[in-house]
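What follows is a short report on a single structure.
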Amino acid sequence: MALEKVTGDIKRMYEQIKIRPISNVENLLPWNTFLEMGLIVAHRDLDKILSEKKWAIVSGRGPSGPLHLGHLLVFKLVAWFQRVFNVHAFIPLSDDEKFVFGKIGSLNDAANWALENARWIAALGFDPKRTHIYVSSKHSWVYRYALTVSRHLTLSSVKGALGVDDSKNIGIPFYAAVQIVHILQPTFDFGLRTLVPIALDQDVFMRLTRDVAEKLKIPKPASVYVKFLPGLQNVPMSSSVPETAIYVTDNEKVIYSKIMRAHSGGGISTADHRKSGGNPDRCVIYEWLKAFYFRSKEHAERYAEACRTGQIVCGYDCKPLVYDLIVDFLHKLKNKADKIDLDSFLWNP
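Start counting the sequence shown at 0; every next residue gets the next number (numbering that gives the first Met the number 0).
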């Protein structure tokens, strides 16, 4: 099960790479649903960065198509940090990444998707005066800083971290330097330590970045680890398998079809579920409700208990609820995105 694998990954990373449970620093953060619902699971040096007067938050996106709800959830967290701590947010759109990894045909296509993605991201409530969105390949300073960073990376360390071999194009190992630049740029230019919300499987870039920062004698970035939404089929969301995710471009008919076919923890039949109950701990729909509906642990547990005792049925209760929530969320977000003045968010240093 994908949900079980995430739990195992977290425990392994506590032991092997010394990230820390978010519960250790919860008292330093205002209440929010991300913490309440367990969507932030771990951190590295969050306590240190919160003790500083000024810092920045960095979170990017490799644009090769429309955003899905998993992407939006992370950027909602970034917007929350910006709003609560009054910090600047830097959002690199890595068209170069998708190009060198062969996920898109041309840089122009990736750049076009980047601008489309940017409109939806900005609509999540970012402050244009403190938000700096940029398309990576369009800025020569990225390359100049990448040269500086590259002198402090070995090919063997990058190949080992990324799991690439000699058959891959040389853009892939060099992109590691570009990714590090995205994370460290606010430190290079403004002396600001950065906080990076990422998934557990992206920590390899954080470890490389912290090694480079140490060699350059600049502050190491901090990180918070986000429990990403599971795909609707209980596998990671993927653009190559569109039924795993809901995209901002999906219409209501498509959204309904995807949700009603989603993996759940319900019984084999309605009668079986009413009799024996379901298992919310193995239910993708329950995880989505954590992200978009529940406001407290108590609310989530009451709902879970109703599932376990067969009082609610996924196909009749939970899935229609998720459908209504998602359609309403995307409808409101689209209205905001259509009104966004994107130039006020695009960064031209």
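C-beta atoms are modelled at their ideal positions from N, C-alpha and C, and glycine is treated no differently. Remember, it's a predicted structure, so these values are computed and weren't measured experimentally.
Going by C-alpha distance, which of the options is nearest residue i?
{"i": "R150", "options": "A212, K252, E51, V73", "result": "A212"}
{"i": "G277", "options": "E297, V240, C317", "result": "C317"}
{"i": "M205", "options": "A109, G190, S58", "result": "S58"}
{"i": "V283", "options": "I179, L231, L154", "result": "L231"}
{"i": "D202", "options": "I217, K226, S263", "result": "K226"}
{"i": "V86", "options": "H131, Y322, F98", "result": "H131"}
{"i": "A160", "options": "D200, L114, I182", "result": "D200"}
{"i": "L324", "options": "R273, I258, E96, R307", "result": "I258"}
{"i": "F328", "options": "Y246, Q178, N107", "result": "Y246"}
{"i": "Y315", "options": "G104, K331, K97, A270", "result": "A270"}
{"i": "W119", "options": "I339, L152, S343, N233", "result": "I339"}
{"i": "L106", "options": "D126, L72, S63", "result": "S63"}
{"i": "K167", "options": "R273, S156, V99, L332", "result": "V99"}
{"i": "L154", "options": "K137, Y174, H138", "result": "Y174"}
{"i": "W140", "options": "A117, S156, G124, L183", "result": "L183"}
{"i": "Y322", "options": "N334, R281, L114, R260", "result": "R260"}
{"i": "T248", "options": "L68, R143, I217, L27", "result": "L68"}
{"i": "A121", "options": "A198, I169, H138, L72", "result": "L72"}
{"i": "I169", "options": "K158, G264, N334", "result": "K158"}
{"i": "S156", "options": "A244, N116, E115, D210", "result": "D210"}
{"i": "K407", "options": "S136, K216, V223", "result": "Limits of the chain in this structure are 0 at one end and 348 at the other, which puts residue 407 out of reach."}
{"i": "E51", "options": "P218, L207, K335, N26", "result": "P218"}
{"i": "L341", "options": "N26, L123, C313", "result": "L123"}
{"i": "L332", "options": "E242, L27, L66, A221", "result": "L66"}
{"i": "A198", "options": "C313, K53, H70, D337", "result": "H70"}
{"i": "F125", "options": "N116, F74, W112", "result": "F74"}
{"i": "P313", "options": "A244, S136, E242, W287", "result": "Reading the sequence as shown, one finds Cys at residue 313 and not Pro. Answer by Cα proximity: W287."}
{"i": "R19", "options": "D165, N31, A221, R143", "result": "A221"}
{"i": "R273", "options": "E242, K53, R307", "result": "R307"}
Excluding the 5 residues flanking residue i on each side, which residues of the same chain have their C-beta closer than 7 Å to its C-beta?
{"i": "V163", "result": "I171, P172"}
{"i": "L76", "result": "F33, P196, V225"}
{"i": "A176", "result": "A145, V148, S149, L152"}
{"i": "K97", "result": "G61, P62, S63, I103, A109"}
{"i": "P29", "result": "V83"}
{"i": "K214", "result": "H151"}
{"i": "F326", "result": "Reading the sequence as shown, one finds Val at residue 326 and not Phe. So the qualifying residues of the chain are E251, I254."}
{"i": "A113", "result": "P62, L92, D94, V134"}
Just to confirm my understanding: we take residue i, look at its own chain, exclude 5 residues before and 5 after, and list those with CB closer than 8 Å. What are they?
{"i": "D188", "result": "P348"}
{"i": "M36", "result": "K289, A290, F293, K296, A299"}
{"i": "V24", "result": "H42, L45, D46, L49"}
{"i": "I311", "result": "Y302, A305, C317"}
{"i": "R129", "result": "Q81, N85, V86, H87, A88"}
{"i": "V240", "result": "G230, Q232, V234"}
{"i": "M0", "result": "Here the model assigns M0 a pLDDT of 38, short of 50, so the residue's position is not dependable and the matter cannot be decided."}
Looking only at its chain, what residues have a beta carbon closer than 6 Å to the beta carbon of residue i, apart from the 5 residues adjacent to it on each side?
{"i": "E3", "result": "Residue placement at E3 is flagged as unreliable, the pLDDT there being 45, under the threshold of 50; the coordinate-derived value follows with that caveat. Within the same chain, E3 has no close Cβ partners at all."}
{"i": "P185", "result": "A55, F89, L191, T193"}
{"i": "A110", "result": "D94, V134"}
{"i": "Y353", "result": "Nothing about residue 353 can be read from this structure; the chain reaches only from 0 to 348."}
{"i": "P319", "result": "none"}
{"i": "H181", "result": "G59, P91"}
{"i": "H262", "result": "Q232, N233, V283"}
{"i": "P127", "result": "S343, F344"}
{"i": "Q178", "result": "F204"}
{"i": "A336", "result": "R118, W119, A122"}
Over what stretch of residues does the alpha helix (DSSP H) that includes residue i continue unbroken?
{"i": "R281", "result": "Run containing R281: none; DSSP gives neither H nor E here."}
{"i": "P185", "result": "170-189"}
{"i": "P319", "result": "318-337"}
{"i": "H298", "result": "296-307"}
{"i": "V73", "result": "68-84"}
{"i": "A113", "result": "106-121"}
{"i": "T147", "result": "139-149"}
{"i": "L207", "result": "202-215"}
{"i": "Y292", "result": "Unbroken run through Y292: none, as it is neither H nor E."}
{"i": "K97", "result": "94-99"}
{"i": "L154", "result": "154-161"}
{"i": "F125", "result": "F125 -> no alpha helix (DSSP H), and no H or E assigned at all."}
{"i": "N311", "result": "The sequence shown places Ile at residue 311, rather than the Asn named in the question. Neither: I311 is in no alpha helix (DSSP H) and is coded neither H nor E."}
{"i": "V253", "result": "251-259"}
{"i": "L34", "result": "32-35"}
Provide the residue span of the beta strand (DSSP E) that contains residue i, from first to last.
{"i": "V225", "result": "221-225"}
Taking the DSSP output, what are the residues bridged to residue i?
{"i": "R19", "result": "H42"}
{"i": "F89", "result": "V57, H131"}
{"i": "I197", "result": "Y224"}
{"i": "V240", "result": "S237"}
{"i": "Y246", "result": "H67"}
{"i": "L345", "result": "I132"}
CB of residue i to nearest heavy atom of the ligand MG: below 7 Å?
{"i": "L66", "result": "Looking at this structure, you won't find the ligand MG or any other ligand, since it has none at all."}
Quiz item: So, do the segment 88-95 and the segment 41-51 have three or more beta carbon pairs nearer to each other than 8 Å?
Solution: Between the segment 88-95 and the segment 41-51, the count of Cβ pairs shorter than 8 Å is below three; the stretches do not touch.
Quiz item: Does the segment 70-84 touch the segment 249-256, meaning 3 or more C-beta pairs lie closer than 8 Å?
Solution: In this structure the segment 249-256 does not lie against the segment 70-84, because fewer than three pairs of beta carbons, one per stretch, are closer than 8 Å.
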